[in-house]
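Engineer: Pasting a structure here, questions to come.
Residue numbers (this note's numbering): 28 to 316.
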């Protein structure tokens, strides 16, 4: 039962909540004990509330998931996790997040509540509306960054990072939709309602636009943020961003390997190496220059 609960919580998707750490790292507070400890606590609280949303979503989508080629193996859809146990688990996770958020920061608790309510609305209705569904996904990532800001006392956090987060999340969201649509068309499976509003040519056009916007936004950040080195050495990280986006497009358009970014990052070693080198470069630039 515990194994089924952990699987349904989608612990592997907690990697998405790493966006909570962005303000800590990019505001040069990574090695400060108090901000670091507060951010780590906030990270796990966001993980718990995210898992509660996954549980609620799968409870409501149990019939549709049973018809999906991959989702039918999820514990709730397969029957290995009874729905009453899933409901109790979701309530416990939300309660822990709310109580922890209350003591951590009032503004953090507000953002956490907004995130939960938006995702609840997403599970109930908004995920069936084309385009709005990926905008909601992007909003969730922006809220993660805002939550990280609310936890610590930021000094010179660049608003460009909100822009980069928004367009990057849209890029991954559209890529995921394309991967889902391609998989369903290949296997001739019944598709979710929201995918009726998409076509692969449309998604390819949107991905082209948003991928270019992502690279431009990040490039502007590297030489316009107030707390970067004056010699613009941060621009040396742009090639990592370019390769990461190109690699993701290659995986979803050539290899047809689904589209969920968290799954691809955990399974594709070139992406893992790219993100590792990017992270090391950012730390070196921010804390040694």
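Backbone N, C-alpha and C fix where the C-beta goes; we use that ideal spot for every residue, glycine too. Every value quoted in this text rests on a predicted model; they were computed, and no experiment measured them.
Please classify residue 228: is it buried, with 16 or more other beta-carbons within 10 angstroms of its beta-carbon, or exposed?
Structural biologist: Taking the first residue of the chain shown as position 1, residue 228 is located at position 201. Under this definition residue 228 is an exposed residue.
Engineer: Rank 316, 309 and 278 by C-alpha distance to the C-alpha of residue 53 and give the top, closest one.
Structural biologist: Residue numbering aside, residue 53 sits at position 26 when the chain shown is read from its first letter. Here the closest residue by C-alpha is 309.
Engineer: Taking the alpha carbon of residue 81 as the reference point, which residue from 113, 165, 91 and 65 has its own alpha carbon closest?
Structural biologist: Position 54 of the chain shown holds residue 81. Per the Cα distances, 113.
Engineer: If I follow the unbroken alpha helix (DSSP H) through residue 300, where does it start and stop?
Structural biologist: The residue given as residue 300 occupies position 273 in the chain shown. Where residue 300 is concerned, the enclosing alpha helix (DSSP H) stretches over 296–315.
Engineer: Go ahead and pull the three-state DSSP assignment for residue 116.
Structural biologist: By 1-based counting over the chain shown, the position of residue 116 is 89. Reduced to three states, the DSSP call for residue 116 is helix.
Engineer: What are the uninterrupted segments assigned as alpha helix (DSSP H) that are 4 or more residues long and contained completely in the segment 130–174, given in chain order?
Structural biologist: 133–151
Engineer: Using a Cβ distance threshold of 8 Å, determine whether the segment 58–78 contacts the segment 124–137, with at least three qualifying pairs required.
Structural biologist: yes
Engineer: Locate the alpha helix (DSSP H) running through residue 89, then write down its first and last residues.
Structural biologist: Position 62 of the chain shown holds residue 89. First-last of the alpha helix (DSSP H) with residue 89: 89–92.
Engineer: Can you tell me whether residue 179 is helix, strand or coil according to DSSP?
Structural biologist: Mapped onto the chain shown, residue 179 falls at position 152. DSSP places residue 179 in coil when its eight states are reduced to three.
Engineer: Take residue 198 and list the residues in its own chain whose beta-carbon comes closer than 6 Å to its own, dropping the five residues that flank it on each side.
Structural biologist: Taking the chain shown and counting its residues from 1, one reaches residue 198 at position 171. Closer than 6 Å at Cβ, skipping near neighbours: 237, 238 and 241.
Engineer: Between 303, 255 and 279, which lies nearest to residue 267 when the distance is taken from Cα to Cα?
Structural biologist: Reading the chain shown from its first residue, position 240 is the one you call residue 267. Selected option, being the one with the closest Cα: 303.
Engineer: Quick check on the DSSP output: the alpha helix (DSSP H) that includes residue 274 runs from which residue to which?
Structural biologist: In the chain shown, the residue the question calls residue 274 occupies position 247. Run containing residue 274: 265–280, per the alpha helix (DSSP H) assignment.
Engineer: For residue 84, which of helix, strand or coil comes out of DSSP?
Structural biologist: Position 57 of the chain shown, counting from 1, holds the residue named residue 84. If DSSP states are grouped into helix, strand and coil, residue 84 belongs with the helices.
Engineer: Rounded to the nearest angstrom, how far is the Cβ of residue 135 from that of residue 178, given a contact under 8 Å?
Structural biologist: Locating residue 135 in the chain shown gives position 108, counting from the first residue. Locating residue 178 in the chain shown gives position 151, counting from the first residue. Correct: roughly 6 Å between the Cβ atoms.
Engineer: Would the beta-carbon of residue 187 fall within 8 Å of that of residue 244?
Structural biologist: Taking the first residue of the chain shown as 1, we reach residue 187 at position 160. Taking the first residue of the chain shown as 1, we reach residue 244 at position 217. Yes. Within cutoff.
Engineer: Assign residue 56 to one of two classes, buried (16 or more other C-beta atoms within 10 Å of its C-beta) or exposed (fewer than that).
Structural biologist: Looking up residue 56 in the chain shown gives position 29. So residue 56 ends up on the buried side.
Engineer: Mark residue 146 as exposed unless 16 or more other C-beta atoms lie within 10 angstroms of its C-beta, in which case mark it buried.
Structural biologist: Residue numbering aside, residue 146 sits at position 119 when the chain shown is read from its first letter. Label assigned to residue 146: buried.
Engineer: Throw me the rounded Cβ distance for the residue 31 and residue 107 pair, which I believe falls under 8 Å.
Structural biologist: Taking the chain shown and counting its residues from 1, the one referred to as residue 31 is at position 4. Taking the chain shown and counting its residues from 1, the one referred to as residue 107 is at position 80. Confirmed, Cβ separation roughly 5 Å.
Engineer: Examine the Cβ distances between the segment 249–256 and the segment 199–208 and report whether three or more of them are shorter than 8 Å.
Structural biologist: no
Engineer: When DSSP labels each residue in this structure, what does residue 55 get in the three-state scheme?
Structural biologist: Reading the chain shown from its first residue, position 28 is the one you call residue 55. Reduced to three states, the DSSP call for residue 55 is coil.
Engineer: Relative to the C-alpha of residue 283, which residue among 299, 203 and 257 is closest?
Structural biologist: Here residue 283 corresponds to residue number 256 of the chain shown, with the count starting at 1. Of 299, 203 and 257, the residue nearest in Cα terms is 203.
Engineer: Please list the terminal residues of the continuous alpha helix (DSSP H) segment that includes residue 226.
Structural biologist: Taking the chain shown and counting its residues from 1, the one referred to as residue 226 is at position 199. From DSSP, residue 226 is part of no alpha helix (DSSP H); its letter is neither H nor E.
Engineer: Going by alpha carbons, who is nearest to residue 86 out of 94, 97 and 104?
Structural biologist: Here residue 86 refers to the residue found at position 59 when the chain shown is read from its first residue. Closest by alpha carbon: 104.
Engineer: Any contact of the segment 153–168 with the segment 35–42, i.e. 3+ C-beta pairs under 8 Å?
Structural biologist: no
Engineer: Just how far apart, CA to CA, sit residue 190 and residue 246?
Structural biologist: To locate residue 190, count along the chain shown from 1; it is residue 163. To locate residue 246, count along the chain shown from 1; it is residue 219. Residue 190 and residue 246 have their alpha carbons spaced roughly 12 Å apart.
Engineer: Can you list, in chain order, the residues of its chain whose CB lies under 7 Å from that of residue 51, leaving out five sequence neighbours each side?
Structural biologist: Here residue 51 refers to the residue found at position 24 of the chain shown. Correct list, in chain order: 57, 62, 63, 66, 175 and 179.
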